[in-house]
Amino acid sequence: MSAVLKIENLTKSFLLHQQAGARIPVFESLNAEVGAGEAVAVTGPSGRGKSSLLKLVYGTYRANAGAIRVLSGTDWTDVVTAAPRDVIELRRDVIGYVTQFLRVIPRVPAEMVVAEPMMDRGIAEEQALARARMLLERLNIPKRLWHLSPMTFSGGEQQRVNIARGFAAHFPILLLDEPTASLDTENRNRVLELIAEAQGQGSAILAVFHDENERRRACSRSIRLD
Amino acid sequence: MSVLLSAENVSKFYGTRAGCRDVSFELWPGEVLAIVGESGSGKTTLLRCLSGHLPASSGKVRYTMRDGRNVALDEMSEAERRLLMRTDWGFVHQDARDGLRMGVSAGANVGERMMAVGERHYGHIRATATDWLKRVEIPEDRIDDSPWSYSGGMRQRLQIARNLVTSPRLVFMDEPTGGLDVSVQARLLDLIRGLVKRLDLAAIVVTHDLAVARLLSSRMMVMQQGQVIEQGLTDQILEDPQAPYTQLLVSSVLQV
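Chains as they are written, first to last, in the working numbering: chain A, 111 to 336; chain B, 227 to 482.
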């Protein structure tokens, strides 16, 4: 499998100016690669930077040193040094990121929340909505909720709307941060199916799973942080 | 695609005191940039320099016109600059009274911008004004009322309709939700977000409210004492702020 994500000598620490300049190291000189169609788990004890690693790849956290090279078409882009507008483009076309938390925007209906990443790529509204509804159905969101803002949904429903959104468009690289946490068995299986499908379509997956069985089911190897 | 607006070392001095100092950035079509900082940090001064309301003491602001020419604001003729402000740019003021003509009806406020770009057909002006009032959720039967009879939130939505009717490519907003009730703010923000996305507008939004910046912008600049101390992706600045002042700003937001 040819690598589409290369993490090279990545170093991250947090410097807290408001707390007497305390420095919290996360990891040092981390190296890793993920190939197309490969699912890799990030493991390690709590607080060792599993989520931080995903956020670094997505560009939400800033690295202190090292490189995060992402294959976009035939070009490699280093997320660490890329201009914000290039990272925004990568997020639209290349890197998807799914957490268990939905950022609710008041008054935007659930089906629109899911369709948005597709429409951002220029897919026609009707087509985007059709796929959005299919995903909502697969994730057992009742039809009567599709036209409503997820504002008033339960935590589990919001989480599933966010997962539908995360899998709506095809991403060559998918970052998953505990996507199945706190879901029931039925919905957990649905999410694992979606992950397998994305992988089958060639997505490179970097995932944090709380549950060891799920991790084994979804991922073929792991990167351990400790 | 080319850069829409660029600032190169823009400074504005009031006597010896700097309102803003050495600000440089590029804005591309369709991008929303938030400028945040506390009051007195120079963000409104910067916005006024960028939008040609205030001449910069030094530095250049350049804009790419619809015909592709890249022109420095201070090298434009007065007529050219006025036309730009009436057509390709919008400016949403914090106080809607500064952006509206309070003496004429709501419909006339929208129609006036159309007439400024040469629209003369009354029926067409009226129909377009009605359509825009609908888009900003103002009931049709309020079109002939004076903005004085409007609530704060309605006035702000009217100001947005007035600005967007000429299909600008760039809108400047100065604390667009400042002074409004929280529930009214949410509705307005959602409306602005939707319009910006649908019309592929570029916008520069000045705000002291980080939640507003998060909802509307993809990029952010943080100002303190007239200088930009940090800039980058909005989520990156809010979740991993680097500068001491930005960390203070982000950690000062109350969690609800």
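For each residue, glycine too, the CB sits at the ideal point set by N, CA and C.
Note down the Cα distance separating residue i from residue j, rounded to an integer number of angstroms.
i        : j        : result
B:Leu436 : B:Tyr348 : 42 Å
B:Ala412 : B:Ser228 : 33 Å
B:Leu273 : A:Arg254 : 45 Å
B:Leu299 : B:Gln320 : 24 Å
B:Val476 : B:Glu345 : 47 Å
B:Met328 : A:Asp294 : 57 Å
A:Arg324 : A:Lys122 : A quick correction: the sequence has Glu, not Arg, at residue 324 of chain A. One C-alpha to the other measures close to 28 Å.
B:Arg483 : B:Val318 : Because chain B in this structure spans residues 227 to 482, residue 483 of chain B falls outside the shown range and cannot be described.
B:Arg288 : B:Asn235 : 12 Å
B:Trp358 : B:Asp416 : 16 Å
A:His280 : A:Ala308 : 7 Å
B:Leu474 : B:Gln462 : 15 Å
A:Thr153 : A:Val214 : 29 Å
A:Arg326 : B:Ile430 : 47 Å
B:Ser303 : B:Gly278 : 12 Å
A:Gly131 : B:Gln468 : 12 Å
A:Pro260 : A:Ala238 : 18 Å
A:Val208 : A:Ala175 : 25 Å
A:Val170 : A:Val223 : Rather than Val, the amino acid found at residue 170 of chain A in this sequence is Thr. Spanning the two alpha carbons is a distance of roughly 21 Å.
A:Met340 : A:Gln269 : Past the edges of chain A, shown from 111 to 336, lies residue 340 of chain A, and the structure says nothing about it.
B:Val479 : B:Arg445 : 19 Å
A:Gln311 : B:Gly325 : 52 Å
B:Ala322 : B:Arg440 : 23 Å
A:Ile205 : A:Ser330 : 20 Å
A:Lys160 : B:Ala342 : 57 Å
A:Pro135 : B:Lys286 : 42 Å
A:Asn297 : A:Trp256 : 17 Å
B:Asp426 : A:Leu125 : 37 Å
Please classify residue i: does DSSP put it in a helix, a strand, or coil?
i        : result
B:Leu273 : helix
B:Trp254 : coil
B:Ser375 : helix
B:Gly420 : helix
B:Ser477 : helix
A:Ser162 : helix
A:Thr262 : helix
B:Leu441 : helix
A:Tyr207 : strand
A:Asn250 : coil
A:Gly276 : helix
B:Gly263 : coil
B:Asp466 : coil
A:Thr187 : strand
B:Val229 : coil
A:Arg179 : strand
B:Gln450 : strand
Would you say residue i and residue j are within 8 Å of each other, going by their C-beta atoms?
i        : j        : result
A:Leu120 : A:Val180 : no
A:Arg231 : A:Asp203 : yes
A:Leu284 : A:Ile333 : no
A:Ile117 : A:Asn141 : yes
A:Arg275 : A:Pro227 : yes
B:Ala233 : B:Val249 : yes
A:Arg248 : A:Glu221 : no
B:Asp407 : B:Val432 : no
B:Gly333 : B:Ala353 : no
B:Met380 : B:Ile369 : no
A:Phe319 : A:Ala306 : no
A:Ser418 : A:Ala146 : This structure does not reach residue 418 of chain A, given that chain A is present from 111 up to 336, and the question cannot be answered.
B:Met340 : B:Thr392 : yes
B:Pro255 : B:Ala387 : no
B:Arg419 : B:Leu396 : no
A:Leu245 : A:Phe277 : yes
B:Pro394 : B:Thr313 : yes
B:Val438 : B:Thr403 : yes
Is it buried or exposed for residue i, if we count other Cβ within 10 angstroms and need 16 for buried?
i        : result
A:Asp287 : buried
B:Asn296 : exposed
B:Asp466 : buried
B:Thr472 : buried
B:Glu306 : exposed
B:Glu366 : exposed
A:Trp186 : exposed
A:Gln129 : exposed
Quick check on residue i - is its C-beta less than 8 Å from some C-beta in chain C?
i        : result
B:Gly256 : Of the protein chains in the structure, A and B, none is chain C.
Using a Cβ-Cβ cut-off of less than 8 Å, list which residues of the region 164-176 of chain A approach chain B; keep chain order. Residues of the region 164-176 of chain A that bring their beta carbon within less than 8 Å of a beta carbon in chain B comprise Lys165, Gly169, Thr170, Tyr171 and Arg172, in sequence order.
May I ask you to list, following chain order, the residues of the region 188-218 of chain A that have a beta carbon less than 8 Å from some beta carbon of chain B? The residues in question are Pro194, Arg195, Val197, Ile198, Ile215, Pro216, Arg217 and Val218.
Just by C-beta distance, which residues in the region 445-474 of chain B are closer than 7 Å to chain A? Result list: Arg445, Gly458, Leu459, Asp461, Gln462, Glu465, Asp466, Gln468, Pro470, Gln473 and Leu474.
Beta carbons nearer than 7 Å to chain B: which residues of the region 128-140 of chain A have them? Identification of residues in the region 128-140 of chain A having a C-beta nearer than 7 Å to some C-beta of chain B yields Gln128, given in sequence order.
Residues within the region 418-444 of chain B neighbouring chain A, beta-carbon criterion of under 9 Å: Correct list: Arg419, Gly420, Lys423, Arg440, Leu441 and Ser444.
For the region 389-414 of chain B, enumerate the residues whose C-beta is nearer than 8 Å to any C-beta of chain A, in chain order. Of all residues in the region 389-414 of chain B, Ala412 and Arg413 have a Cβ within less than 8 Å of some Cβ in chain A.
What are the residues in the region 231-253 of chain B lying within 7 Å of chain A by C-beta distance? Of all residues in the region 231-253 of chain B, none is placed with a Cβ closer than 7 Å to any Cβ belonging to chain A.
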